[in-house]
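As structure tokens, the structure follows; a few thoughts come after it.
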Amino acid sequence: MNWHLQSIEKSLEALQSGPETGLTQSEADSRLKQYGRNELVEKGGRTPLKIFWEQITATMVLILIAAAVVAGLLGDLKNTIAISAIVILYAILGFIQEYRAEQAIAALKKLSVPNVRVLRDKTFREISARDLVPGDIIQLEAGNVLPADVRLLEAVNLRIQEAALTGESEPVEKQTAALSGDDSSAGSGQALPLGDRRNMAYMGTIVTQGRGLALVAATGMQTELGKIADLIQQSGTEETPLQKRLDQLGRNLAVIGILIAVLIAVMGLLRGDDLRHMLLTAVSVAVAIVPEGLPAVVTITLALGAQRMLAKNSLIRKLPAVETLGSVTVICSDKTGTLTENRMTVVVLDVADHQLDLSAGLQRDGSVHATRNLGAPAQSSLSLTAIGGALCNDARLIDEGDDRFRTMGDPTEGALVAAAAKMGYWKSSLDLSFPRAEELPFDSERKRMTTVHDLRKYDSSILAGLDMGDHRYIAFTKGSVDGLLDVADQVWVNGKAEALDAGWRSRIEAANERLAKKGMRVLGVAFRLMNQIPDVIQTELEQKLTFIGLFGMIDPPRGEVKDAVAVTKTAGIRTVMITGDHPLTAQEIARQLGISDSGRVLTGIELEELSFDELKSVVDEVRVFARVSPEHKLKIVQALQEKGHIVSMTGDGVNDAPALRRADIGVAMGITGTDVSKEAADMVLLDDNFATIVSAVKEGRTIYDNIRKFVRFSVAGNIGKVLVMLLAPFLGKPIPLLPLQLLWLNLLTDGLLGLGMGVEAPEKDTMNRPPYSPKEGVFSRGAGAQVIWVGALIGSLALGLGAWYYFAGREEWQTMVFTFLAFVQVFQAWASRSGRESAFSMPMMSNPLLFWMMLVVTALQLAVIYIPPAAEFFSVKPLGVVDLLIAIGAGFVVLVVMEIEKKVRK
274 MNWHLQSIEK
284 SLEALQSGPE
294 TGLTQSEADS
304 RLKQYGRNEL
314 VEKGGRTPLK
324 IFWEQITATM
334 VLILIAAAVV
344 AGLLGDLKNT
354 IAISAIVILY
364 AILGFIQEYR
374 AEQAIAALKK
384 LSVPNVRVLR
394 DKTFREISAR
404 DLVPGDIIQL
414 EAGNVLPADV
424 RLLEAVNLRI
434 QEAALTGESE
444 PVEKQTAALS
454 GDDSSAGSGQ
464 ALPLGDRRNM
474 AYMGTIVTQG
484 RGLALVAATG
494 MQTELGKIAD
504 LIQQSGTEET
514 PLQKRLDQLG
524 RNLAVIGILI
534 AVLIAVMGLL
544 RGDDLRHMLL
554 TAVSVAVAIV
564 PEGLPAVVTI
574 TLALGAQRML
584 AKNSLIRKLP
594 AVETLGSVTV
604 ICSDKTGTLT
614 ENRMTVVVLD
624 VADHQLDLSA
634 GLQRDGSVHA
644 TRNLGAPAQS
654 SLSLTAIGGA
664 LCNDARLIDE
674 GDDRFRTMGD
684 PTEGALVAAA
694 AKMGYWKSSL
704 DLSFPRAEEL
714 PFDSERKRMT
724 TVHDLRKYDS
734 SILAGLDMGD
744 HRYIAFTKGS
754 VDGLLDVADQ
764 VWVNGKAEAL
774 DAGWRSRIEA
784 ANERLAKKGM
794 RVLGVAFRLM
804 NQIPDVIQTE
814 LEQKLTFIGL
824 FGMIDPPRGE
834 VKDAVAVTKT
844 AGIRTVMITG
854 DHPLTAQEIA
864 RQLGISDSGR
874 VLTGIELEEL
884 SFDELKSVVD
894 EVRVFARVSP
904 EHKLKIVQAL
914 QEKGHIVSMT
924 GDGVNDAPAL
934 RRADIGVAMG
944 ITGTDVSKEA
954 ADMVLLDDNF
964 ATIVSAVKEG
974 RTIYDNIRKF
984 VRFSVAGNIG
994 KVLVMLLAPF
1004 LGKPIPLLPL
1014 QLLWLNLLTD
1024 GLLGLGMGVE
1034 APEKDTMNRP
1044 PYSPKEGVFS
1054 RGAGAQVIWV
1064 GALIGSLALG
1074 LGAWYYFAGR
1084 EEWQTMVFTF
1094 LAFVQVFQAW
1104 ASRSGRESAF
1114 SMPMMSNPLL
1124 FWMMLVVTAL
1134 QLAVIYIPPA
1144 AEFFSVKPLG
1154 VVDLLIAIGA
1164 GFVVLVVMEI
1174 EKKVRK
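For reference, each letter of the sequence shown is one residue, going 274 to 1179 in this note's numbering.
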């Protein structure tokens, strides 16, 4: 039921409750059995056993398991143990990478309130929030966290902070009257967006001011917070682009390996070769084609990248997110706290057509700029407006040292106090000069607040432009401009009062509309001089006021975000704002940041009327979505993904969690972000700086580039090994390489060299080119052809060396092939550092890790050849110096040819 559309009477009737009696305890117990506990329920996820099972049933692992089984059946214990060890290492690395306990629901549970005051059997008592049921009547007061979704029955100066749920940057003033189509652009009877439901309050939001009485409408998983929890669990996680491509690569290699192994076995048997010999050859081919070092290298490269990103204030929670950044095409960003500062700030003071621009930061120094030269009377009016805003105010400035201050109290009032301080009027001093004598609190019907101040102690220099005469009191009133104009009969112009005629009223209303269209929240200020305080202040105080001026305030954009958005544009990445805030505010912030120039905004109500296919057709054209719900955010992300985009979603609130979870990479704010958003995200920005995502994208692109380089390097090397294994028997030679030797080459040399390749510095054009297309494979842009010819070159050289030594009767011919394949990959790795620049032009120590890994690989390979126990274990024989130089020289040939190809292609 849409409770916000129902009257109080109908709501109570529907839930069979009463505002003075509440539920009986027996009825509450019955409903507790019916609805269940008021808590969020977590659905079961993958168990550790299931995750481990997924690792050992991966395609590449199954090939190795089959190879180990065949080797075991052939009685080759050494190769069986070696292959089995690789399988276990592979499974453990994968398990560690994926076993991340999802804590999003647990974090949501933390938002629940342990105890609440509830009306049962006509008496208020304190019970556990878990025992609340629909129909309960509860009390609300400042500081409470809402324990359930409620329909408000009473609201006395009640304001609730809903930023985490709706994206609103300031507390929402609440009311009790039923809402309808007259209250919004929605049609009569149509559900309004959460941010417009002023007679409702929701689980997890916070009472910042006032008190109230409320009817519990929904508990547990039926609350809006519960729906978000359910969305988080339904949304699942997406495989990263690289994961998809590597999985596809594994499947393709598996098919190729099986076909080649079967081909070798069949042809060997047809030729009358020994069955055991052919099966061992088939096992060797399977081992040769599987890049055993790839999972370890990818995982470690991502981990090293995550460490570098941590130093730049990006905390990676899920390793695959590192490379996903390299493919991001759209960044969907929440507005409040992400693109903006999440604090209301006065940016304009307007009095009698004179405007003052303020940067109302909480520092003693700063700028105040007039739009034109102001005379003394206008300056006096501006000062009077600022002073009135600071005195008619319950917020305070707290000195944090180093000339920095923070506001305490309502954010809107805090902005007024900060603006006055910017102009040199500090509230603490004003309160001493103008002590408060009486006040009329704000309420939703009047939309005004008034305070009365004693003038007997005031410093005449503060209000030099205002003649107090014999008056003992001055009253300041602030509130909506329309509401003030209803109770004002004068306007303060150039240091004196004039009649508030139709002309002035029209000019003030036009100024109000002009600021509102810029997305600002507008408040007016008026004053009244009195000799005595009226006896009935509720009806007599706010009369015959003199209107002074207007405040225009906004939650301002972060200073660094505009540049960050510009960089993302250069990098071919689109920024989309998705917020629960007002369309005008969202549109203005988007314009200031350069996100959108079209002015088109799609609201939640409009989005609700679109089918998913219709949303897909327009989603690429819209840069700003406003007044959206959590379901809408999720729907937008899904529509973008359906259009082929790799989507990043940034946010900090509970309402962002489902979309963060669904997005290809979810980015949460570390300082202002809720536990829910952090647990649902792949990455956390520790400094809440949107600009940090730019450096993270650069790092992600670099890592993505490096992993692609390594995959190509590894596959080309494996093609060379497979060609050697495939063709050698047809040239009349025995098996050139044993499974153990192939494991050594694939895991150790590929692995160590891969680690060095994984930390290569960024290419010069990393952020000046569009992201890789989600449909683009690892071997796109001519890379596939290069992998094949490099692999063919390596295989040909290996076969040529082997044939030369074999037919010359040299018993170390297998060692020659083994050693060449180790050394050639050292040269191949050096040539693969860049796809554009020559390896000879790149400083040798610009990648010290790769340099040292090359030396380590060379030393380890020499150790295997020349240390007797190692040589015996790997079934190799020592090579002479000339043999060694020949193997090195042949490897260097591959480096030279790759460099020539680069130059020709360039």
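Each residue gets a CB set at the ideal place from its N, CA and C atoms; glycine is no exception.
For residue i, the nearest candidate out of the options (CA to CA)
i: residue 1044; options: 654, 680, 847 and 521; result: 847
i: residue 654; options: 665, 666, 679 and 628; result: 628
i: residue 1036; options: 1000, 973, 1069 and 985; result: 973
i: residue 501; options: 932, 1017, 1009 and 940; result: 932
i: residue 888; options: 478, 1033, 809 and 915; result: 915
i: residue 662; options: 611, 612, 723 and 604; result: 723
i: residue 727; options: 773, 783, 775 and 806; result: 806
i: residue 469; options: 1153, 544, 1105 and 899; result: 899
i: residue 773; options: 465, 767 and 762; result: 762
i: residue 857; options: 907, 840, 828 and 791; result: 791
i: residue 464; options: 901, 941, 667 and 403; result: 901
i: residue 274; options: 614, 710, 407 and 619; result: 407
i: residue 1170; options: 1062, 1090, 1115 and 1126; result: 1062
Beta-bridge partners of residue i, as assigned by DSSP
i: residue 938; result: 921
i: residue 678; result: 672
i: residue 400; result: 389
i: residue 746; result: 727 and 803
i: residue 1111; result: Paired residue(s): none; residue 1111 is not in a bridge.
i: residue 722; result: 751
i: residue 448; result: In the DSSP output, where bridge partners are listed per residue, residue 448 has none listed.
i: residue 899; result: 876
i: residue 771; result: 764
i: residue 264; result: For residue 264 there is no data in the structure shown, the boundaries of the chain being 274 and 1179.
i: residue 484; result: 414 and 429
i: residue 422; result: 491
N-terminal and C-terminal residue of the beta strand (DSSP E) that residue i is part of
i: residue 388; result: 388 to 393
i: residue 827; result: 818 to 827
i: residue 712; result: 709 to 716
i: residue 604; result: 603 to 606
i: residue 587; result: 587 to 589
6 angstroms Cβ shell around residue i - same chain, five flanking residues per side excluded
i: residue 756; result: 720 and 721
i: residue 314; result: 494
i: residue 984; result: 1051
i: residue 996; result: 1068
i: residue 352; result: 344, 1012 and 1013
Own chain residues within Cβ distance below 7 angstroms of residue i, not counting five before or after
i: residue 658; result: 622, 624, 798, 821 and 822
i: residue 938; result: 594, 597, 598, 601, 921, 955 and 956
i: residue 1164; result: 1093, 1096, 1097, 1099 and 1100
i: residue 557; result: 998, 1008, 1010, 1011, 1012 and 1015
Residue burial classification, residue i (beta-carbon count within 10 angstroms, cutoff 16)
i: residue 419; result: buried
i: residue 1173; result: exposed
i: residue 875; result: buried
i: residue 680; result: buried
i: residue 677; result: exposed
i: residue 424; result: buried
i: residue 459; result: Low confidence applies to residue 459: its pLDDT is 38, below 50, so where it sits in the model is not reliable enough to give any reading.
i: residue 293; result: exposed
i: residue 476; result: buried
i: residue 587; result: buried
i: residue 1168; result: buried
Residues near residue i in its chain [Cβ-Cβ closer than 8 angstroms; skip 5 each side]
i: residue 1177; result: none
i: residue 1042; result: 844 and 845
i: residue 405; result: 311, 389, 391, 411, 420, 421, 489 and 492
The ligand GDP heavy atom lying under 8 angstroms from the CB of residue i
i: residue 961; result: You won't find the ligand GDP in this model; it holds no ligand whatsoever.
Unbroken alpha helix (DSSP H) run spanning residue i, endpoints
i: residue 927; result: Neither: residue 927 is in no alpha helix (DSSP H) and is coded neither H nor E.
i: residue 966; result: 965 to 1000
i: residue 954; result: Per DSSP, residue 954 belongs to no alpha helix (DSSP H) and is neither H nor E.
i: residue 705; result: 700 to 706
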